[in-house]
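What follows is a set of notes on a single structure, which appears directly below.
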Amino acid sequence: MAVLSHQHYPLKSLLHPVPTCQHQHRSHSVRVTTCSATSSTNLKPGSNPNQLVIEPRLALSSTTSTTTAAKSSPPLLNDPALQSTWAHRAWVATGCSTVLVSLAKSIAAAASSHIWLEPMLAGYIGYVLADLGSGVYHWGIDNYGDESTPIFGSQIEAFQGHHRWPRTITRRQFANNLHALARVIAFTVLPFDLLCNDSTIHGFVSMFAGCIMFSQQFHAWAHSTKSKLPPLVVALQDAGVLVSRSQHAAHHRPPYNNNYCIVSGVWNEFLDKQKVFEALEMILFFKLGVRPRSWSEPSSKWIEEA
1 MAVLSHQHYP LKSLLHPVPT CQHQHRSHSV RVTTCSATSS TNLKPGSNPN
51 QLVIEPRLAL SSTTSTTTAA KSSPPLLNDP ALQSTWAHRA WVATGCSTVL
101 VSLAKSIAAA ASSHIWLEPM LAGYIGYVLA DLGSGVYHWG IDNYGDESTP
151 IFGSQIEAFQ GHHRWPRTIT RRQFANNLHA LARVIAFTVL PFDLLCNDST
201 IHGFVSMFAG CIMFSQQFHA WAHSTKSKLP PLVVALQDAG VLVSRSQHAA
251 HHRPPYNNNY CIVSGVWNEF LDKQKVFEAL EMILFFKLGV RPRSWSEPSS
301 KWIEEA
C-alpha cells in the first residue's frame with residue numbers, strides 16, 4: 001500500500017494530565033489524527049511513502065448535496081411544510097362553503113317539491129363514484145409523471161414521499177392536508193351554486209365534491225392508529241363507510257399496485273380482481289409508449305423507511 005502526500009492541516013491537541021511521581025512533574029500531550037491510505041502509486045517527488053496523511057473532514061456544503069439530503073429525509077415534527085397557513089385555511093373554508101351551499105339548495109328544492117328519493121339516490125351515487133374517482137386519480141399520480149409535470153407535479157412528488165414516510169400524513173394539519181383539493185372543488189362547484197337549482201343535481205354534486213375534498217382526510221385517518229381516532233371515525237371505518245386502516249395498509253405493501261381508492265374503498269376489490277388498472281396501463285403503453293412505475297417498482301422511493 002502506498003500513501004499519497006497531501007497538504008498538512010493543524011491538529012488540535014487534547015491534553016490529559018498524567019499521574020506524576022513525588023519529585024517529578026511532567027505532562028504529555030495526546031494528539032488525535034485522522035489518517036487515510038490509498039493504493040495509488042503516483043507519488044510526488046520527494047514524498048515519503050511511509051508518511052501519515054491527515055485529511056480534513058468535509059461537510060455537505062453544496063446546494064445539490066443539501067437538496068439531496070433533504071429529499072431523502074422525512075419531514076421533521078415542526079416542519080413548516082406540515083403546518084397550515086392562512087391561505088390554506090381560506091381555500092378550505094371556500095371549498096366547504098360551496099359544498100354546503102350545494103347541499104342546502106338540494107335540501108331546499110327537495111322540501112319545496114316534496115321529492116326526496118331522487119336527491120338521496122343521486123347523493124349516494126355521488127358518494128360511490130367519488131371513491132372510484134379517488135382511486136383513478138391516485139393510480140395516475142402514483143404511476144405517471146414526476147415533480148416537473150405541469151399542474152400535478154407537486155402532488156406527484158408528495159405522493160412519492162408519502163410512500164417512503166406514510167405516517168407523515170397524520171402529522172399534517174387539517175387545512176394543509178386539504179387545501180389543494182379544496183381549491184379545485186371551489187372553482188368546480190361554484191358555477192352549480194350560481195346557475196342550478198335542481199335538487200337531484202345538487203344532491204349528486206354536493207356528495208361527490210364533498211367526498212373528493214375530504215378524501216385526503218379519510219386517507220390520513222387510514223394511517224392513524226385506532227387509539228388516536230375519534231370513536232365515530234373508527235365506527236365508520238369498521239362499517240365500510242370510510243376506507244379502513246387494514247384495507248389501505250395493503251396499498252403500502254408489495255407489489256404497491258392495488259387498493260388505490262381512499263374514500264370508502266368499496267371499489268378496491270372489484271378493480272383489483274378485474275385488473276382494471278393493469279388493462280389501462282397496457283393501453284397507455286401500446287398507445288403512447290409510456291411505462292407505469294408499477295411495472296418496475298418497488299424502488300427505494302416506494303419502500304417505507306422505518
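In the UniProt record's numbering, the protein residues as written are 1 to 306.
All residues carry an ideal CB built from backbone N, CA and C; glycine is no exception.
* To do: Just mark Pro292 as buried or exposed, buried being the case when its beta carbon has 16 or more other beta carbons within 10 Å.
  => By one-based count along the sequence shown, residue 292 stands at place 292. Pro292 comes out buried.
* To do: Drop a sphere of 10 angstroms on the beta-carbon of Gly289, count the other beta-carbons inside from all chains shown, and report buried for 16 or more, exposed for fewer.
  => Working through the sequence shown from its first residue, we reach residue 289 at position 289. Within 10 angstroms of the beta-carbon of Gly289 lie fewer than 16 other beta-carbons, which makes it exposed.
* Pro119 classed as buried or exposed, judged by whether at least 16 other C-beta atoms fall within 10 angstroms -> Here residue 119 is taken as the residue at index 119 of the sequence shown, counted from 1. Burial call: buried.
* Asked: Who are the near neighbours of Ser113 in its chain, counting only those whose CB is closer than 8 Å to its CB and skipping five residues on each side?
  -> Position 113 of the sequence shown holds residue 113. Here the set comprises Ser199.
* When we look at the beta-carbon of Gln247 and count the other beta-carbons within 10 Å, is it buried (16 or more) or exposed? -> For the purposes of this step, residue 247 is taken as the residue at position 247 of the sequence shown. Gln247 is buried by the Cβ-count criterion.
* Identify, in the order they occur along the chain, each residue of the same chain with its Cβ nearer than 7 Å to the Cβ of Leu106, setting aside the five sequence neighbours on each side. => Residue numbering aside, residue 106 sits at position 106 when the sequence shown is read from its first letter. Per the sequence shown, residue 106 should be read as Ser rather than Leu. Excluding five sequence positions before and after Ser106, the CB atoms of its chain that fall closer than 7 Å to its own CB belong to Pro119, Ser199, His202, Gly203, Ser206, given in chain order.
* Just the C-alpha distance for Pro231 and Pro150, rounded to the nearest angstrom, thanks. => Taking the first residue of the sequence shown as position 1, residue 231 is located at position 231. Taking the first residue of the sequence shown as position 1, residue 150 is located at position 150. One C-alpha to the other measures close to 40 Å.
* Asked: Taking three-plus beta-carbon pairs below 8 Å as touching, is the region 119 to 137 in contact with the region 183 to 193?
  -> Too few Cβ pairs lie closer than 8 Å, so no.
* Assuming Ser294 contacts Asn257 under a Cβ cut-off of 8 Å, what Cβ separation, rounded to an integer in Å, is found between them? -> Along the sequence shown, read from residue 1 onward, the residue named residue 294 stands at position 294. Along the sequence shown, read from residue 1 onward, the residue named residue 257 stands at position 257. The Cβ separation is near 4 Å, so the contact holds.
* Leaving out the 5 sequence neighbours to the left and right, which residues in its chain are closer than 6 Å to Gly153 when beta-carbon positions are compared? -> What you label residue 153 is simply residue 153 of the sequence shown in a count that begins at 1. Apart from the 5 residues on each side of it in sequence, Gly153 sits with its Cβ closer than 6 Å to the Cβ of Glu147 in its chain, given in chain order.
* **Separation of Asn197 from Ile262, as counted between CA atoms** => The residue given as residue 262 occupies position 262 in the sequence shown. The residue given as residue 197 occupies position 197 in the sequence shown. Roughly 30 Å separates the two Cα atoms.
* Per the contact definition of three or more C-beta pairs closer than 8 Å, is the region 235 to 252 in contact with the region 219 to 226? -> As far as the Cβ criterion goes, the region 219 to 226 touches the region 235 to 252, which means the pair count is three or higher.
* Helix, strand or coil at His114 [DSSP, three-state] -> Here residue 114 refers to the residue found at position 114 of the sequence shown. Shown here, His114 sits in coil according to DSSP, grouped into three states, outside any helix or strand.
* Let me know if Trp86 comes out buried or exposed under the rule of 16 or more other beta-carbons within 10 Å of its beta-carbon. => Residue numbering aside, residue 86 sits at position 86 when the sequence shown is read from its first letter. When all chains shown are included, Trp86 counts as exposed.
* **Asp146 at chain C interface by Cβ criterion, 8 Å** => This model lacks chain C altogether; it includes just one protein chain.
* Helix, strand or coil: how does DSSP classify Trp295 here? -> The residue you call residue 295 lines up with position 295 of the sequence shown. In the structure shown, Trp295 sits in a helix (DSSP, three-state: H, G or I).
* To do: Note down the Cα distance separating Ala180 from Ala111, rounded to an integer number of angstroms.
  => Taking the sequence shown and counting its residues from 1, the one referred to as residue 180 is at position 180. Taking the sequence shown and counting its residues from 1, the one referred to as residue 111 is at position 111. Rounded to the nearest angstrom, the two C-alpha atoms are 34 Å apart.
* **Pair within 8 Å by beta-carbon distance, Phe192 and Ser264** => Here residue 192 refers to the residue found at position 192 when the sequence shown is read from its first residue. Here residue 264 refers to the residue found at position 264 when the sequence shown is read from its first residue. Pairing Phe192 with Ser264 gives a Cβ-Cβ distance that is not under 8 Å.
* **Straight-line Cα distance separating Gly126 from Lys275** => As a working mapping, residue 275 is identified with position 275 in the sequence shown. As a working mapping, residue 126 is identified with position 126 in the sequence shown. Those two C-alpha atoms are separated by around 23 Å.
* In angstroms, rounded to a whole number, what distance separates the CA positions of Lys228 and Asp238? -> Within the sequence shown, numbered from 1, the residue matching residue 228 stands at position 228. Within the sequence shown, numbered from 1, the residue matching residue 238 stands at position 238. Here the alpha carbon of Lys228 sits roughly 15 Å from the alpha carbon of Asp238.
* Segment limits, alpha helix (DSSP H) that includes Pro191 -> Here residue 191 is taken as the residue at index 191 of the sequence shown, counted from 1. First-last of the alpha helix (DSSP H) with Pro191: 174 to 195.
* **Given Arg164 as reference, the closest of Ala104, Gln173, Gly135, Asp142 once Cα atoms are compared** => To locate residue 164, count along the sequence shown from 1; it is residue 164. The shortest C-alpha separation from Arg164 is found at Asp142.
* How big is the Cα-Cα spacing for Leu190 and Cys96? -> Your numbering for residue 190 matches position 190 in the sequence shown. Your numbering for residue 96 matches position 96 in the sequence shown. If I take the Cα positions, the gap works out to 11 Å.
* What number of angstroms, rounded off, separates the C-alpha of Leu194 from the C-alpha of Val136? -> In the sequence shown, the residue the question calls residue 194 occupies position 194. In the sequence shown, the residue the question calls residue 136 occupies position 136. Going from the Cα of Leu194 to the Cα of Val136 covers about 29 Å.
* Residue nearest to Leu236 in terms of C-alpha spacing, selected from Phe286, Phe218, Leu100, Ala93 -> By one-based count along the sequence shown, residue 236 stands at place 236. Taking the Cα of Leu236 as reference, the smallest distance to any Cα among Phe286, Phe218, Leu100, Ala93 is reached at Phe218.
* **Coil, strand or helix - Ser143 by DSSP** => For this step, residue 143 is matched to residue 143 along the sequence shown. The sequence given here places Asn at residue 143; Ser does not occur at that position. DSSP places Asn143 in the helix class (H, G or I) of the three-state scheme.
* Asked: Could you give the residue range of the alpha helix (DSSP H) that holds Gly161?
  -> For this step, residue 161 is matched to residue 161 along the sequence shown. Start and end: 153 to 164.
* To do: Quick one: grab the DSSP three-state call for Gly126.
  => Translated into the one-based positions of the sequence shown, residue 126 becomes position 126. If DSSP states are grouped into helix, strand and coil, Gly126 belongs with the helices.
* To do: Ignore the nearest five residues each way along the sequence and tell me which others in Gln173's own chain have a CB closer than 6 Å to its CB.
  => Position 173 of the sequence shown holds residue 173. These residues qualify, in order along the chain: Gln83, Ser84.
* CB-CB length for Val92 against Gly210, believed under 8 Å -> For this step, residue 92 is matched to residue 92 along the sequence shown. For this step, residue 210 is matched to residue 210 along the sequence shown. A Cβ-Cβ distance of about 12 Å is found for the pair Val92 and Gly210, leaving them out of contact under the 8 Å criterion.
* To do: Consult DSSP for Arg89 and reduce its assignment to one of helix, strand or coil.
  => Against the sequence shown, residue 89 aligns to sequence position 89. DSSP places Arg89 within a helical segment (H, G or I) once states are collapsed to three.
* Local conformation of Tyr256 per DSSP, three classes -> Counting from one through the sequence shown, the residue named residue 256 turns up at place 256. Tyr256: coil per DSSP, three-state reduction.
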